[in-house]
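Colleague: In terms of my numbering, the sequence shown opens at residue 329 and continues consecutively.
Don't be surprised by glycine CBs; every beta carbon is placed ideally from N, CA and C.
The structure displayed is predicted, hence computed values, not measured ones.
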Amino acid sequence: MSTQEIFLQLLSSPKESNINLALKMAEGMPEINLEEILQEYQQLFKCLISRKFKKQIKTGHIVNLNQPVINASNKKITALPEGIKNLQHLQELNLRENQLPTLPENLGNLKSLQVLNLRENQLTTLPESIGNLKNLQVLDLRENQLTTLPESIGNLQSLQVLNLEGNQLTMLPESIGNLKNLQVLALGKNQLTKFPNSIQDLENLKELDLFGNEQISNFEIIGQLEALQKLDIGRTQLYLAPEWLKNLKKLEDLQLGGNELASLPEWVKDFQHLKTLGLNSNAFVALPESLKGFSDLQNLDLMANQLESVPEWIDTLTHLQKLDISLNQLTLLPDSIGNLIHLQDLALEENRLRKLPESIGNLSNLEHLNFGANQLRALPATLRKLKKLRSLGLYSNYDLSESSAKQLSAFFTNCEVSF
């Protein structure tokens, strides 16, 4: 290692003693332009730490810059200075909510970087050098203006989380399939038209978000990603549950909201690991019969459908913890709903309910109950049995006497009641 390399290594150290040693070394090394290097650090400090910084850069300031974590979010940064390449010990860089239209090529010099957050900037492209960040594990590019990704992104062999939600991507590079350690890929709210064949090579992918990509022509290729545990294909113009879903036996969380589904096939029961099912904003007029006896289901979202009733067999969902059937057309609930003893959250707002069953008082683990904006005239006395209740929505039930609502509010002293 040359003397100059030793100098640079000491100067980039998070230890003050090493930085002081580097500065002393530089005094006897005319080949080192110390003034220029310190100017780079000064620009870095002003950009990443304090915009109002006008003092001469000192050892303590360099120590701050040489730390493993820098949070420079929401600092109105429009460009990263040349000196960014000096931050050789940087492991986590947060540049969220700035105004960056581009990134410098020398960003690829940050060999220790593990987490890079660029969410909510104005990026339209990424430099090819992004592929040099060999230790990068998390890359957050949400809510930018990206239309393409460089092929070099496939070089990020350590990458585990890639979030590209809310961009303008129409295609993914073929190299995406090289990300063998990728576990989470978020592509929601883009304009994808086709997946590259290589996407099926992401054999460790556990979470995939495709929400709002309505034009994809080869959706069926996703059926090859058999390790998937969480999949969001909401708002993708589905009228039927696609057959390729059957292959994804390890699914724990399936989001199908914002489509035109009115039924579910019987093979849904084959999802033995499924805990969360999102069916909100579809065209269901009744709970799908295929869910009957789905005892492992914990979270069921049927908000904003056209449900007119809840079947008696609802209690066969024996481990249900959260049930959202708000914004439907329900006029009554079955007594069997009181058998859902694990239920913690029950959303019933904006229906046409005129009464609640007495059995609702049996929901001993209920913490959140909302039946606001219904047509209730009275409340069952059994509500007082809900000792764990933390929030209760009574609002906009205009036939409900104010006195009964206030009495209930007074009873639940540790519960937030809205009426």
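Quick one, which of Ala555, Gln543 and Glu542 has its alpha-carbon nearest isoleucine 527's?
Modeller: Numbered from 1 along the sequence shown, position 199 holds the residue referred to as residue 527. Minimum Cα distance to isoleucine 527 is reached at Ala555.
Colleague: When you compare only the Cα positions, how much space is there between proline 593 and leucine 694?
Modeller: As a position in the sequence shown, residue 593 is number 265, starting the count at 1. As a position in the sequence shown, residue 694 is number 366, starting the count at 1. The alpha-carbon atoms of proline 593 and leucine 694 are separated by roughly 31 Å.
Colleague: For glutamate 580, I'd like the list of residues in its chain whose CB is within less than 8 Å of its CB, leaving aside the five on either flank, ordered along the chain.
Modeller: Counting from one through the sequence shown, the residue named residue 580 turns up at place 252. Closer than 8 Å at Cβ, skipping near neighbours: Gln557, Lys558, His601, Leu602, Lys603 and Thr604.
Colleague: Mapping DSSP to helix, strand and coil, what is alanine 614?
Modeller: Sequence index remark: in the sequence shown, residue 614 carries index 286 (1-based). Looking at alanine 614 - three-state DSSP - the assignment turns out to be coil, as it is neither helix nor strand.
Colleague: Assign leucine 568 to one of two classes, buried (16 or more other C-beta atoms within 10 Å of its C-beta) or exposed (fewer than that).
Modeller: Counting from 1 along the sequence shown, the entry for residue 568 is found at position 240. Looking at its Cβ environment, which holds fewer than 16 other Cβ atoms inside 10 Å, leucine 568 is exposed.
Colleague: Based on DSSP bridge pairs, tell me the residues matched to glutamine 583.
Modeller: Against the sequence shown, residue 583 aligns to sequence position 255. In DSSP, glutamine 583 forms a bridge with Asp560 and Gly606.
Colleague: Give every residue of the same chain whose Cβ lies closer than 8 Å to the Cβ of serine 654, excluding the five residues on either side of it in the sequence, and list them in chain order.
Modeller: Along the sequence shown, read from residue 1 onward, the residue named residue 654 stands at position 326. Cβ within range, chain order: Met631, Ala632, Ala675, Leu676, Glu677, Glu678, Asn679 and Asn698.
Colleague: What number of angstroms, rounded off, separates the C-alpha of glutamate 542 from the C-alpha of glutamine 565?
Modeller: Looking up residue 542 in the sequence shown gives position 214. Looking up residue 565 in the sequence shown gives position 237. When rounded, the distance between both Cα atoms is 6 Å.
Colleague: In whole angstroms, what separates the C-alpha of isoleucine 665 from that of serine 687?
Modeller: Here residue 665 is taken as the residue at index 337 of the sequence shown, counted from 1. Here residue 687 is taken as the residue at index 359 of the sequence shown, counted from 1. Each residue's Cα considered, the two are about 7 Å apart.
Colleague: Suppose the cutoff is 6 Å on Cβ atoms and the five residues either side in sequence are ignored; what does the same chain contact list for alanine 701 look like?
Modeller: Within the sequence shown, numbered from 1, the residue matching residue 701 stands at position 373. Glu677, Glu678 and Ser724, listed in sequence order.
Colleague: Just verifying my parser: in three-state terms, what is the DSSP assignment at isoleucine 398?
Modeller: Position 70 of the sequence shown, counting from 1, holds the residue named residue 398. Isoleucine 398: strand per DSSP, three-state reduction.
Colleague: What does a CB cutoff of less than 8 Å around leucine 635 pick up in its chain, not counting 5 residues either side in sequence?
Modeller: Along the sequence shown, one-based indexing puts residue 635 at 307. So the list reads Phe612, Val613, Ala614, Leu615, Ile653, Asn656, Gln657 and Leu658, once near-sequence residues are dropped.
Colleague: Pick out whichever of Lys713, Met353 and Leu464 has its Cα sitting closest to the Cα of glutamine 332.
Modeller: By 1-based counting over the sequence shown, the position of residue 332 is 4. Cα-wise, what sits closest to glutamine 332 is Met353.
Colleague: Below 8 Å on the Cβ atoms is my contact criterion, and I expect aspartate 529 with glycine 551 to pass it. Report the Cβ-Cβ distance as a whole number of Å.
Modeller: Counting from one through the sequence shown, the residue named residue 529 turns up at place 201. Counting from one through the sequence shown, the residue named residue 551 turns up at place 223. Aspartate 529 to glycine 551, Cβ: 14 Å. No contact.
Colleague: Quick one: is phenylalanine 739 buried, meaning 16 or more other Cβ sit within 10 Å of its Cβ, or exposed?
Modeller: Sequence index remark: in the sequence shown, residue 739 carries index 411 (1-based). It counts as exposed.
Colleague: Apply the 10 Å Cβ neighbour rule to lysine 517 and answer buried if 16 or more other Cβ atoms are within range, or exposed otherwise.
Modeller: Stepping through the sequence shown from its first residue, residue 517 is reached at position 189. When all chains shown are included, lysine 517 counts as buried.
Colleague: From which residue to which residue does the alpha helix (DSSP H) around leucine 349 run?
Modeller: Your numbering for residue 349 matches position 21 in the sequence shown. Unbroken alpha helix (DSSP H) run through leucine 349: 344 to 355.
Colleague: In the DSSP output, which residue or residues are listed as bridge partners for asparagine 742?
Modeller: Reading the sequence shown from its first residue, position 414 is the one you call residue 742. Asparagine 742 pairs with nothing; no bridge assigned.
Colleague: For the alpha helix (DSSP H) containing histidine 389, list its first residue and its last residue.
Modeller: The residue labelled residue 389 in the question sits at position 61 within the sequence shown. Where histidine 389 is concerned, the enclosing alpha helix (DSSP H) stretches over 387 to 393.
Colleague: Cutting at 6 Å between CB atoms, please list the residues of its own chain near glutamine 419, excluding the five before and the five after it.
Modeller: Working through the sequence shown from its first residue, we reach residue 419 at position 91. Taken in chain order, the residues that qualify are Pro396, Ser440 and Gln442.
Colleague: Check each candidate in Glu502, Leu487, Leu474 and Ser486 and name the one with the smallest Cα separation from asparagine 495.
Modeller: Within the sequence shown, the letter at position 167 stands for residue 495. Residue Leu474 is the option with its Cα nearest to asparagine 495.
Colleague: Name the residue from Gln626, Leu651, Arg682 and Leu538 whose alpha carbon lies nearest to the alpha carbon of asparagine 587.
Modeller: Translated into positions along the sequence shown, residue 587 becomes position 259. Ranking the options by Cα distance to asparagine 587, first place goes to Leu538.
Colleague: Just to confirm before moving on: does the CB-CB distance between leucine 691 and leucine 714 stay below 8 Å?
Modeller: Taking the sequence shown and counting its residues from 1, the one referred to as residue 691 is at position 363. Taking the sequence shown and counting its residues from 1, the one referred to as residue 714 is at position 386. Yes, Cβ-Cβ distance for leucine 691 and leucine 714 is below 8 Å.
Colleague: Do phenylalanine 759 and leucine 349 have their C-beta atoms closer together than 8 Å?
Modeller: Nothing can be reported for residue 759: it is not among the residues displayed for the chain, which extend from 329 to 747.
Colleague: For glutamate 359, count neighbouring C-beta atoms within 10 Å of its own C-beta (all shown protein chains included) and say buried if the count is 16 or more, exposed if not.
Modeller: As a first step, residue 359 must be located in the sequence shown, where it is residue number 31. Glutamate 359 comes out exposed.
Colleague: So, helix, strand or coil for glycine 721, using DSSP?
Modeller: Translated into the one-based positions of the sequence shown, residue 721 becomes position 393. Glycine 721: strand per DSSP, three-state reduction.
Colleague: If I'm right that glycine 436 touches proline 455 with Cβ under 8 Å, what's the distance once you round it to whole angstroms?
Modeller: Start at 1 with the first residue of the sequence shown, and residue 436 comes out as number 108. Start at 1 with the first residue of the sequence shown, and residue 455 comes out as number 127. That pair is a contact at about 7 Å.
Colleague: Could I get the ranges of all uninterrupted alpha helix (DSSP H) runs contained in the region 410 to 464, with 4 residues as the minimum, in chain order?
Modeller: Complete alpha helix (DSSP H) runs here, min 4: none at all.
Colleague: What does a CB cutoff of less than 6 Å around glutamate 493 pick up in its chain, not counting 5 residues either side in sequence?
Modeller: Counting from 1 along the sequence shown, the entry for residue 493 is found at position 165. The answer, listed in chain order, is Arg470, Ala514, Gly516 and Lys517.
Colleague: Which stretch, first to last residue, makes up the alpha helix (DSSP H) that contains lysine 374?
Modeller: Taking the sequence shown and counting its residues from 1, the one referred to as residue 374 is at position 46. Per DSSP, lysine 374 belongs to the alpha helix (DSSP H) from 362 to 376.
Colleague: What residues are listed by DSSP as bridge partners for valine 596?
Modeller: Position 268 of the sequence shown, counted from the start, is the residue given in the question as residue 596. The partner list for valine 596 (beta bridge, DSSP) is empty, contrary to what the question assumes.
Colleague: Could you say which of Trp641, Leu446 and Asp624 lies nearest to histidine 647 if we only look at CA atoms?
Modeller: Taking the sequence shown and counting its residues from 1, the one referred to as residue 647 is at position 319. Closest option to histidine 647, Cα to Cα, is Asp624.
Colleague: With DSSP as the reference, identify every bridge partner of valine 489, one or two as the case may be.
Modeller: Here residue 489 refers to the residue found at position 161 when the sequence shown is read from its first residue. BP columns for valine 489 point to Val466 and Val512.
Colleague: For alanine 675, list the residues DSSP reports as bridge partners.
Modeller: Position 347 of the sequence shown, counted from the start, is the residue given in the question as residue 675. Note: alanine 675 sits in a beta bridge opposite Asp652 and Asn698.
Colleague: Express the C-alpha separation of leucine 573 and leucine 584 in angstroms, rounding to a whole number.
Modeller: The count along the sequence shown starts at 1 and reaches residue 584 at position 256. The count along the sequence shown starts at 1 and reaches residue 573 at position 245. Going by the C-alpha atoms only, they are around 11 Å apart.
Colleague: Around the C-beta of glutamine 626, are 16 or more other C-beta atoms found within 10 angstroms, so that it is buried, or is it exposed?
Modeller: As a first step, residue 626 must be located in the sequence shown, where it is residue number 298. So glutamine 626 counts as buried.
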